[in-house]
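Trainee: Input: one structure, supplied below.
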Amino acid sequence: MPELPEVEVICRGLRPHLVDRVVTGILASGKALREPVPLDRLQRELVNRLIMSVTRRAKFLQVGLDSGAMLIIHLGMTGNLGFFTPATEPAKHDHIRLILDNGLELRYNDTRRFGSIRILSPAEVSRLEETVYTTTGPEPFGEDFSAGYLFRLAKSREVAVKSFIMTNQVVAGVGNIYANESLFRAGIRPDRKVRSLSQKEWAKLIVAIREVLTHAIECGGSTISDFVNAGQEKGYFQINFKVYGKGGMACTACGAVIAKKNIGGRASYCCPKCQK
DNA sequence: CAAGTTACCTGACGGC
DNA sequence: TGCCGTCAGGTAACTT
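Going from the first sequence to our numbering is simple: count from 1 and add 24.
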């Protein structure tokens with residue numbers, strides 16, 4: 025489900041309700057996510073600590089505690105977080121419930137259980153990039169995500185540009201939807217081999233990625249089937265999709281038929297006329 | 001070493 | 001009605 029915009033929307037929704045709160049208890053389904061839920065460590069290192077910050081790195085949510093420890097949550101494909109009253113009946117696939125000191129609960133729901141929850145000690149937090157983020161590249165809004173960086177990284181490689189920008193080590197947070205949409209916005213075909221792109225095309229693609237992600241965040245993310253923010257509201261960027269999920273339909277810019285093909289095992293869409 | 005494939009898990013949908 | 005194959009927003013661990 026969530027790519028960078030959806031995680032950012034959830035992050036912004038969580039922050040005002042979590043900062044200055046204390047987790048007073050934890051309930052878990054007992055089912056493992058991508059990794060087993062470290063319930064004992066959570067009881068010891070999360071419960072009764074004051075929450076200081078809620079931030080995002082790539083598609084990870086980072087909850088900073090007054091001890092210097094940090095809770096790190098990844099939503100996988102179907103993960104979601106929201107606030108509920110204790111009286112609200114738990115939903116199917118609610119796996120973790122954090123009881124808060126303001127009478128609400130933060131619930132983590134994840135149908136496919138591809139997400140993860142980790143707790144890091146202050147020592148581990150000080151080595152975040154070498155530990156959790158070893159395969160996580162630059163943030164798309166950071167200054168080290170530049171045309172020169174991409175050109176150098178790509179010059180001796182043959183992979184399709186769409187697979188390349190979906191690789192977290194290249195740039196963090198761009199998944200299938202926003203890779204398709206960004207390449208349309210940049211006028212670049214998704215199956216172009218990366219070594220064929222000029223510095224100018226990389227510069228154009230960077231601008232397109234930033235604009236698409238920014239617009240999606242402003243729209244509250246994209247709701248394909250079930251994404252909701254922390255307040256259980258849907259996003260509406262999907263009404264702005266130009267190519268994603270539109271195979272066989274007319275391009276809104278030129279009227280040509282949007283093509284669908286498989287690139288690197290993922291559904292890929294492009295306008296054969298607008299994208300070169 | 002880069003690039004392609006498989007695996008993790010549940011559910012929705014279309015075809016028969 | 002149900003069974004089967006396919007597909008889905010992610011990513012790490014394989015294989016080639």
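The beta carbon of each residue, even a glycine, is placed where N, CA and C say it ideally should be.
By DSSP's criteria, N133 is part of a beta bridge. Which residues make up the other side?
Mentor: Counting from 1 along the first sequence, the entry for residue 133 is found at position 109. In DSSP, N133 forms a bridge with N104 and D118.
Trainee: With DSSP as the reference, label Q223 as helix, strand or coil.
Mentor: Taking the first residue of the first sequence as 1, we reach residue 223 at position 199. Here Q223 sits in helix by DSSP.
Trainee: Can you grab the Cα-Cα spacing for the pair A147 / N104, in whole Å?
Mentor: Within the first sequence, residue 147 is the residue found at index 123, counting from 1. Within the first sequence, residue 104 is the residue found at index 80, counting from 1. C-alpha separation (whole angstroms): 28 Å.
Trainee: Is it buried or exposed, E242, if we count other Cβ atoms within 10 angstroms and call 16 or more buried?
Mentor: Indexing the first sequence from 1 puts residue 242 at position 218. E242 is exposed by the Cβ-count criterion.
Trainee: Go ahead and pull the three-state DSSP assignment for K55.
Mentor: Locating residue 55 in the first sequence gives position 31, counting from the first residue. Looking at K55 - three-state DSSP - the assignment turns out to be coil, as it is neither helix nor strand.
Trainee: What residue does the beta strand (DSSP E) around N286 start on, and which one ends it?
Mentor: In the first sequence, residue 286 corresponds to position 262, counting from 1. Run containing N286: A283 to I287, per the beta strand (DSSP E) assignment.
Trainee: Counting along the chain, where does the alpha helix (DSSP H) carrying V374 start and finish?
Mentor: Only positions 25 to 300 of the chain appear in this structure, which leaves residue 374 out of reach.
Trainee: Taking the straight line between their C-alpha atoms, what separation do you get for K83 and E154?
Mentor: Numbered from its first residue, the first sequence carries residue 83 at position 59. Numbered from its first residue, the first sequence carries residue 154 at position 130. Computed Cα separation, rounded: 17 Å.
Trainee: Restricting to Cα atoms, I'd like to know which of N200, I189 and S170 is closest to K224.
Mentor: Here the question's residue 224 lines up with position 200 in the first sequence. Among N200, I189 and S170, the Cα nearest to that of K224 belongs to S170.
Trainee: Near I143, what residues of its chain come up, given a Cβ to Cβ distance below 8 Å and the 5 sequence neighbours on each side ignored?
Mentor: Against the first sequence, residue 143 aligns to sequence position 119. Answer for I143: P62, R65, L66, E69, L70, A93, M94, L95 and I96, listed in chain order.
Trainee: Pop quiz: L128 and V78 are said to be a contact at Cβ under 8 Å. What is the actual Cβ separation, rounded to whole angstroms?
Mentor: For the purposes of this step, residue 128 is taken as the residue at position 104 of the first sequence. For the purposes of this step, residue 78 is taken as the residue at position 54 of the first sequence. The Cβ separation is near 15 Å, so there is no contact.
Trainee: Do R131 and R121 have their beta-carbon atoms positioned less than 8 Å apart in this structure?
Mentor: If you number the first sequence from 1, residue 121 lands on position 97. If you number the first sequence from 1, residue 131 lands on position 107. Result yes, Cβ atoms of R121 and R131 sit closer than 8 Å.
Trainee: Report the option in M190, D215, R181 and A196 whose CA atom is closest to the CA atom of A283.
Mentor: In the first sequence, counting from the first residue as 1, residue 283 sits at position 259. Ranking the options by Cα distance to A283, first place goes to D215.
Trainee: Report, in whole angstroms, the separation of the C-beta atoms of T247 and Y260, which I expect to be a contact under 8 Å.
Mentor: For the purposes of this step, residue 247 is identified with residue 223 of the first sequence, where counting begins at 1. For the purposes of this step, residue 260 is identified with residue 236 of the first sequence, where counting begins at 1. 7 Å between Cβ atoms; contact.
Trainee: In whole angstroms, what separates the C-alpha of M314 from that of V33?
Mentor: The chain is shown from 25 up to 300; residue 314 falls before or after that span and cannot be answered.
Trainee: Quick one: residues in its chain with C-beta nearer than 6 Å to the C-beta of Q256, no 5 flanking neighbours on either side, listed in chain order?
Mentor: Translated into the one-based positions of the first sequence, residue 256 becomes position 232. The residues are G106.
Trainee: Return the chain-ordered list of same chain residues with a C-beta closer than 7 Å to the C-beta of Q299, the five sequence neighbours on each side being excluded.
Mentor: Mapped onto the first sequence, residue 299 falls at position 275. Excluding sequence neighbours, Q299 sits near L207, F208, G211, I212 and R213.
Trainee: Quick one, are the C-beta atoms of L8 and L74 less than 8 Å apart?
Mentor: Not covered by the structure: residue 8. The range shown for the chain is 25 to 300.
Trainee: Do you know how far the Cα of A111 is from the Cα of K186?
Mentor: Position 162 of the first sequence, counted from the first residue, corresponds to residue 186. Position 87 of the first sequence, counted from the first residue, corresponds to residue 111. Roughly 45 Å between the two C-alpha positions.
Trainee: Check L95 in the structure and name its three-state DSSP category.
Mentor: If you number the first sequence from 1, residue 95 lands on position 71. Strand.
Trainee: For the putative contact between D118 and T48, defined by C-beta atoms under 8 Å, what is the C-beta separation to the nearest angstrom?
Mentor: Here residue 118 is taken as the residue at index 94 of the first sequence, counted from 1. Here residue 48 is taken as the residue at index 24 of the first sequence, counted from 1. Not quite, the Cβ-Cβ distance comes to about 18 Å (not below 8 Å), so this is no contact.
Trainee: Less than 8 Å between the beta carbons of F265 and E167, yes or no?
Mentor: Locating residue 265 in the first sequence gives position 241, counting from the first residue. Locating residue 167 in the first sequence gives position 143, counting from the first residue. Cβ distance not < 8 Å, so F265 and E167 don't count as in contact.
Trainee: Between G139 and R58, is the Cβ-Cβ spacing less than 8 Å?
Mentor: Walking along the first sequence from the start, residue 139 turns up at place 115. Walking along the first sequence from the start, residue 58 turns up at place 34. Yes, they are a contact pair.
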